[in-house]
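Trainee: Numbering (full-length UniProt numbering), first residue to last: 1 to 239. For glycine and all other residues, C-beta sits at the position ideal for the given N, C-alpha and C. Remember, it's a predicted structure, so these values are computed and weren't measured experimentally. Take a look at the following structure, please.
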């Protein structure tokens, strides 16, 4: 079989161009986790993937045609996303609506049939969410993205500080001040610790540099260090 080297090399710039173009289209379409994809997002994603593969590998296809097809789908996705956010009717039609699977502790068989799952699937998802006894669950709802949300019965809910009448403290975001052995200068400037104080903490641990630190975080008061090359003590329990 004769290999056309020139034609093979032509794929490289097409591939690089496709990656850059897809990145731009994805930014236009907006951020969304795979778990948040609706059926419409899934169809758009598959279509764009097929167009990209075709225009990258098939040199007989004009590159501009593939770009136009991807752009059209990207714009369509953007328009639909905006419409979904503005109209509840469009949202219900495109995205769908939640389906009740468990209502006040009772299994809704019609709900299971509607989303095409059986009781075993429901029990599996309950276990994944930490409910090994389905009798502890009051409500189970399949969201429009396919995830199942569970609400435990009152007697099985974890008590909160409010329930126990305990004083609660304000929560703070942690700042990553060392990552992979490097100081994060901007994060340090915005955190509750100075670089001088951080270096002082390293000296206390007999460290002249942050090279051996995988991650260091700081919140309002707490400073935490996570070191590189730490071996798990109980790895054998997971085998």
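Output the distance between the C-alpha atoms of residue 146 and residue 20, rounded to the nearest integer angstrom.
Mentor: 31 Å
Trainee: Pick helix, strand or coil for residue 143, following the three-state DSSP scheme.
Mentor: coil
Trainee: What residue from 220, 183, 211, 11 has the CA that sits closest to residue 63's CA?
Mentor: The residue among 220, 183, 211, 11 with its C-alpha nearest the C-alpha of residue 63 is 11.
Trainee: Look at the alpha carbon of residue 39 and the alpha carbon of residue 70, and state the distance between them as a whole number of angstroms.
Mentor: About 18 Å.
Trainee: Taking a contact to mean a Cβ-Cβ separation below 8 Å, would you say residue 138 touches residue 101 in this structure?
Mentor: no
Trainee: Among 182, 219, 159, 13, which residue has its Cα nearest to the Cα of residue 58?
Mentor: The candidate whose alpha carbon is nearest that of residue 58 is 13.
Trainee: Given this structure, state the Cα-to-Cα distance separating residue 210 from residue 192, to the nearest angstrom.
Mentor: If you draw a straight line from the Cα of residue 210 to the Cα of residue 192, it comes to about 19 Å.
Trainee: Is the number of C-beta pairs between the segment 147 to 165 and the segment 178 to 195 that are closer than 8 Å three or more?
Mentor: No, because fewer than three Cβ pairs between the segment 147 to 165 and the segment 178 to 195 fall closer than 8 Å, the two stretches do not touch.
Trainee: Given a cut-off of 8 Å on the beta-carbon distance, is the pair residue 112 and residue 104 in contact?
Mentor: no
Trainee: Report the rounded CA-to-CA distance for residue 55 versus residue 61, giving the unit in angstroms.
Mentor: 6 Å
Trainee: Return the CA-CA distance between residue 120 and residue 78, expressed in angstroms with no decimal places.
Mentor: 37 Å
Trainee: Check this for me: beta carbons of residue 217 and residue 149, under 8 Å apart or not?
Mentor: Not in contact: residue 217 and residue 149 (Cβ atoms no closer than 8 Å).
Trainee: What do you reckon, are the CB atoms on residue 180 and residue 214 nearer than 8 Å?
Mentor: Yes.
Trainee: Output the distance between the C-alpha atoms of residue 91 and residue 83, rounded to the nearest integer angstrom.
Mentor: 8 Å
Trainee: Would you identify the three-state DSSP class for residue 191, choosing helix, strand or coil?
Mentor: coil
Trainee: What residue does the alpha helix (DSSP H) around residue 150 start on, and which one ends it?
Mentor: Membership of residue 150 in any alpha helix (DSSP H) is not indicated; the residue belongs instead to the beta strand (DSSP E) covering 148 to 152.
Trainee: When the Cα atoms are used, what is the spatial distance from residue 182 to residue 188?
Mentor: 11 Å
Trainee: Assuming residue 177 and residue 151 make a contact with CB atoms under 8 Å, what is their CB distance in whole Å?
Mentor: In fact, because the Cβ distance is near 38 Å, the residues do not count as touching under 8 Å.
Trainee: State the DSSP-derived secondary structure class of residue 103, mapped to helix, strand or coil.
Mentor: Strand, per DSSP.
Trainee: Leaving aside the five residues before and after residue 236 along the sequence, list all residues of the same chain whose C-beta is less than 7 Å from its C-beta, in chain order.
Mentor: Low confidence applies to residue 236: its pLDDT is 48, below 50, so where it sits in the model is not reliable, and the reading given next is rough at best. Its chain contains no residue whose beta carbon lies nearer than 7 Å to that of residue 236 once the 5 sequence neighbours on both sides are disregarded.
Trainee: Taking a contact to mean a Cβ-Cβ separation below 8 Å, would you say residue 143 touches residue 98 in this structure?
Mentor: yes
Trainee: Within this structure, are the beta carbons of residue 44 and residue 23 separated by less than 8 Å?
Mentor: In this structure, residue 23 does not lie closer than 8 Å to residue 44 by Cβ.
Trainee: Distance check for residue 53 and residue 46, CA to CA, integer angstroms please.
Mentor: 11 Å
Trainee: Quick one: Cα of residue 107 to Cα of residue 93, how far?
Mentor: Distance between residue 107 and residue 93, taken at the CA atoms: about 26 Å.
Trainee: Label residue 132 either buried or exposed according to how many other C-beta atoms from any shown protein chain fall within 10 Å of its C-beta, with 16 as the threshold for buried.
Mentor: Of the other Cβ atoms in all chains shown, fewer than 16 fall within 10 Å of the Cβ of residue 132; this residue is therefore exposed.
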